[in-house]
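The opening position of the first sequence corresponds to residue 1 in my numbering, with each subsequent residue numbered one higher.
Backbone N, C-alpha and C fix where the C-beta goes; we use that ideal spot for every residue, glycine too.
Please read all numbers here as calculations on a predicted model, not as lab measurements.
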Amino acid sequence: MKIKVQAGKSIRQAILENGLDIDNFIVADIDGKLVDLSYTPSNDLEAYLLDTQDQRSLEVLRHSTAHLMAQAIKRIYGNKAKITVGPPVDIGFYYDIDFEEPISEKDLENIEKEMTKIVEENLTIERQELRKEQAIELFKKLDEPYKVLMLEQDIQEEVVSIYKQGEFIDLCRGPHVTSTGKIKYFKLLSVSGAYWKGSEKNKMLQRIYGTAFFTEEELKRFLYQREEAKKRDHRILGPQLELFEIDSSSIGGGLVIWLPKGEKVRYIIEEFLRKKLEERGYLFVRTPHIANSDLWRTSGHLAVYNKYMFPIMTTEEGQEFIVKPMNCPFHIKVFQSKTRSHKDLPLRIAEYGTVYRYEKSGVLHGLLRVRGFTQDDAHIFCTPDQVEDEIIDLIYLTKEILTRFGFENYKVYLSTRPEEFVGSIELWDLAEKALKNALDKVGIEYMVNEGEGAFYGPKIDVEITDALSRTWQCSTIQLDFNLPQRFGIYYIGPDNSKHTPVMIHRAILGSFERFFGILIEHYAGEFPLWLSPIQAIILPVSQKFNDYAQQVFQELKSRGIRVEIDKEAEKLGYKIRQAEIKKIPIMIIVGQKEVESGTISVRRKGQGDLGSMKIDDLLKLLTI
RNA sequence: GCCGGUGUAGCUCAGCGGCAGAGCAGGUGAUUUGUAAUCACCAGGUCAGGGGUUCAAAUCCCCUCACCGGCUCCA
1 MKIKVQAGKS
11 IRQAILENGL
21 DIDNFIVADI
31 DGKLVDLSYT
41 PSNDLEAYLL
51 DTQDQRSLEV
61 LRHSTAHLMA
71 QAIKRIYGNK
81 AKITVGPPVD
91 IGFYYDIDFE
101 EPISEKDLEN
111 IEKEMTKIVE
121 ENLTIERQEL
131 RKEQAIELFK
141 KLDEPYKVLM
151 LEQDIQEEVV
161 SIYKQGEFID
171 LCRGPHVTST
181 GKIKYFKLLS
191 VSGAYWKGSE
201 KNKMLQRIYG
211 TAFFTEEELK
221 RFLYQREEAK
231 KRDHRILGPQ
241 LELFEIDSSS
251 IGGGLVIWLP
261 KGEKVRYIIE
271 EFLRKKLEER
281 GYLFVRTPHI
291 ANSDLWRTSG
301 HLAVYNKYMF
311 PIMTTEEGQE
321 FIVKPMNCPF
331 HIKVFQSKTR
341 SHKDLPLRIA
351 EYGTVYRYEK
361 SGVLHGLLRV
371 RGFTQDDAHI
381 FCTPDQVEDE
391 IIDLIYLTKE
401 ILTRFGFENY
411 KVYLSTRPEE
421 FVGSIELWDL
431 AEKALKNALD
441 KVGIEYMVNE
451 GEGAFYGPKI
461 DVEITDALSR
471 TWQCSTIQLD
481 FNLPQRFGIY
491 YIGPDNSKHT
501 PVMIHRAILG
511 SFERFFGILI
521 EHYAGEFPLW
531 LSPIQAIILP
541 VSQKFNDYAQ
551 QVFQELKSRG
561 IRVEIDKEAE
571 KLGYKIRQAE
581 IKKIPIMIIV
591 GQKEVESGTI
601 SVRRKGQGDL
611 GSMKIDDLLK
621 LLTI
């Protein structure tokens with residue numbers, strides 16, 4: 001809401017004089033700039049007050065909580081802890097601190113206690129402006145070398161602001177809440193490492209993550225959601241639901257075993273995608289997992305991509321082989337397998353190509369970052385004129401595929417020519433224009449990442465948003481002016497002379513491993529019927545009805561339903577529980593009643609008992 | 001790769017200088033069951049690996065490996 005502030009009076013005074021509740025407002029916006037409520041303008045103006053509902057207020061609260069934590073840490077550790085930076089982030093805030101003796105998560109409780117004390121002290125948070133030299137002197141005196149470094153090296157302004165709360169002083173732009181008493185609902189979350197200024201070359205500091213909210217309910221909800229997210233972690237659900245396994249000790253980190261049920265899901269996805277691709281004229285191929293090292297010299301990978309490639313294997317005959325990190329050189333070979341005419345273009349070569357990349361052990365993460373994975377890869381060879389239509393087709397295809405998995409929201413990024421590039425500027429301009437035209441014609445919103453393209457061509461990346469509003473990059477469409485040149489591939493144009501085709505690398509799911517990991521979390525392990533490895537399970541009320549259950553089983557099986565049967569000598573409740581835990585979508589219960597009437601009783605996971613029906617009725621239900 | 005944490009039965013974890021434990025899962029038997037856990041018994045171990053301290057190490061110390069939270073990287 002808007003409020004008039006007179007010269008010489010603080011916004012806080014203005015709020016009070018207007019009879020408004022000061023507790024509702026956190027900071028004020030003056031011409032787009034956020035200021036403290038203690039701000040006192042030198043001439044009359046209008047300020048826009050931000051209440052606790054405003055996202056920016058929450059950021060301020062969290063920023064203030066970061067300061068609160070830093071103050072608590074300074075009280076406990078004194079100058080054995082040097083403060084650096086502590087901004088708000090989407091989950092809350094962090095503060096990077098250089099501790100003389102490393103702390104661990106056990107210490108967080110103690111820090112939280114001290115924070116609570118400071119909240120109770122209700123210290124006023126005051127802003128003060130000083131000249132840069134004064135600030136440098138101040139932080140030298142306070143023995144905060146990182147603040148001094150920032151002032152000396154990074155901050156351009158001649159006048160800087162500091163914030164004081166009790167004995168604690170921090171260099172900060174602000175704004176902040178008016179006093180430490182305003183911070184009530186907070187929680188410290190984790191301790192981790194973080195490089196000073198984010199560079200590997202610099203010293204590693206300790207980063208403490210925390211969060212804060214205006215109400216206790218919001219904090220509780222946040223913590224609850226974190227717990228829920230943990231439960232749908234694909235690394236927990238995967239082995240639990242017998243989908244996949246990663247045995248780092250006996251097989252190796254980042255190498256995935258697809259268990260029968262996971263493979264079933266993958267197969268369904270593969271076949272679904274294959275059908276869509278073949279409809280659009282893609283030709284599937286299959287290529288080796290290793291190749292002569294010369295292939296990778298020609299492609300340039302050995303020079304440019306070396307650090308992600310497993311080392312060369314040399315045979316006793318002295319031949320060198322390398323495990324493939326990419327499929328593209330092989331698809332070039334497919335293109336080269338005969339002389340191509342312009343009439344053959346666009347040529348769309350697809351492969352579910354398994355590649356291996358050496359990733360540092362610390363970056364491996366379940367199925368999301370692995371060392372061996374299968375891309376839903378394809379390379380489109382076309383003329384420069386055909387690029388636009390191909391991209392349009394690709395965007396529609398990508399949308400169609402992702403929508404099938406319940407991903408409706410996307411962010412699209414177009415990355416353009418970087419400083420170092422191959423190919424002519426004319427070709428780049430033509431290609432970038434083609435990509436833009438394609439995006440515009442489809443009517444998709446996108447952001448341009450200027451200069452972020454690969455050295456070999458511009459690209460379009462698609463980020464999907466999952467059920468927990470997290471974003472993931474899967475699809476990528478990359479133009480390549482480099483490989484066709486390096487391998488000297490050509491097609492015969494209408495003019496009967498040789499031309500170099502444009503190559504488009506593209507993946508829609510990215511890799512089956514990564515996409516599967518995302519899907520597991522997106523669905524929390526409860527796959528929709530069409531993907532579920534087991535669609536239905538038949539539960540005889542007692543073993544007396546096993547024969548009838550077997551008949552139902554045969555019937556459903558012959559109709560193509562993925563069905564199982566639980567013939568154990570257990571109570572129905574137990575069998576239902578087992579089926580629920582396995583997240584099987586349909587439970588079919590058969591007992592005396594069903595045998596007599598020739599029906600089945602259907603229970604849908606998450607919905608409960610649907611009553612009894614004929615098998616045909618269930619089949620109808622399943623096809624909806 | 002870097003910082004911190006954690007490695008005990010298939011899984012989740014307790015034990016933290018003095019006999020290797022529980023629950024779930026698994027096996028066997030009994031029970032023949034109506035919409036989220038029937039009972040009993042059995043089996044299951046290089047306490048991640050290696051070295052050291054100690055009369056004695058799952059437990060304390062060191063090294064290695066793996067994983068987890070992040071950072072960097074990748075996309």
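- For Arg127, the beta-bridge partners assigned by DSSP are Tyr163.
- The beta-bridge partner set that DSSP reports for Cys382 consists of Val502.
- In this model, Ser57 and Lys2 are separated by some 15 angstroms (Cα to Cα).
- Less than 9 angstroms divides the Cβ of Arg562 from the Cβ of Ile534.
- Between Ala549 and Val590, the beta carbon gap of about 5 angstroms places them in contact (Cβ cut-off 8 angstroms).
- In terms of Cα proximity to Ile537, the closest of Gln543, Phe553, Glu419 and Tyr523 is Phe553.
- In the three-state scheme derived from DSSP, where H, G and I count as helix and E and B as strand, Pro325 is classed as coil.
- DSSP places Asp616 within a helical segment (H, G or I) once states are collapsed to three.
- Across the set Ala194, Lys140 and Ser190, the C-alpha of Lys140 shows the shortest separation from the C-alpha of Asp170.
- In the three-state reduction of the DSSP assignment, Phe512 falls in the helix class.
- Between Val323 and His289, the beta carbon gap of about 6 angstroms places them in contact (Cβ cut-off 8 angstroms).
- Only residues of its own chain outside the window of five on either side were considered, and among them Leu345, Pro346, Leu347, Glu390, Pro501, Val502 and Ile504 have a CB closer than 8 angstroms to the CB of Cys382, listed in chain order.
- Per the DSSP secondary-structure output, His365 pairs in a beta bridge with Arg369.
- Residue range Ser293 to Ser299 is occupied by the alpha helix (DSSP H) that includes Trp296.
- According to DSSP, Met204 shares a beta bridge with Tyr195.
- Bridge partners of Phe186 according to DSSP: Ala212.
- As for any beta strand (DSSP E) of minimum length 3 sitting wholly inside the stretch 419 to 467, the runs are 447 to 449 and 459 to 465, ordered along the chain.
- If you draw a 10 Å sphere on the C-beta of Leu283, you find fewer than 16 other C-beta atoms in it, and that means exposed.
- Asn327 has its alpha-carbon roughly 15 angstroms from the corresponding atom of Phe321.
- In this chain, the alpha helix (DSSP H) harbouring Glu114 covers Lys106 to Glu121.
- When DSSP states are grouped into helix, strand and coil, Val5 belongs to the strand group.
- In the DSSP assignment, Val265 falls within the alpha helix (DSSP H) that extends over Pro260 to Glu279.
- Contact between Val370 and Glu463 is ruled out by a C-beta separation of about 20 angstroms, above the 8 angstroms threshold.
- Rounded to the nearest angstrom, the gap between the Cα atoms of Ile518 and Trp472 is 8 angstroms.
- By the 16-neighbour rule on beta-carbons within 10 angstroms, Ile118 is buried.
- Beta bridge pairing from DSSP links Gly92 with Val89.
- Using a Cβ-Cβ distance cut-off of 8 angstroms, the stretch 396 to 411 and the stretch 352 to 370 are not in contact, since fewer than three pairs of beta carbons, one from each stretch, lie closer than that value.
- By the Cβ-count criterion, Ile91 is exposed, with fewer than 16 other Cβ atoms from all chains shown falling within 10 Å of its own Cβ.
- Residue ranges of uninterrupted alpha helix (DSSP H) with 4 or more members, entirely inside the stretch 558 to 594 and ordered along the chain, are 572 to 581.
- In the displayed model, Ala135 falls within a helix according to three-state DSSP.
- One alpha carbon belongs to Ile15, the other to Gly8, and they sit about 14 angstroms apart.
- Note on Glu594: 16 or more other CB atoms within 10 angstroms of its CB, so buried under the neighbour-count rule.
- Under the Cβ criterion (8 angstroms, minimum of three pairs), the stretch 80 to 96 counts as touching the stretch 204 to 219.
- In the three-state reduction of the DSSP assignment, Lys360 falls in the coil class.
- Judged by beta-carbon spacing, Cys172 lies within the 9 angstroms limit of Ile162, meaning their Cβ atoms are closer than that value.
- According to the DSSP assignment, Tyr413 belongs to the beta strand (DSSP E) that extends over Tyr410 to Ser415.
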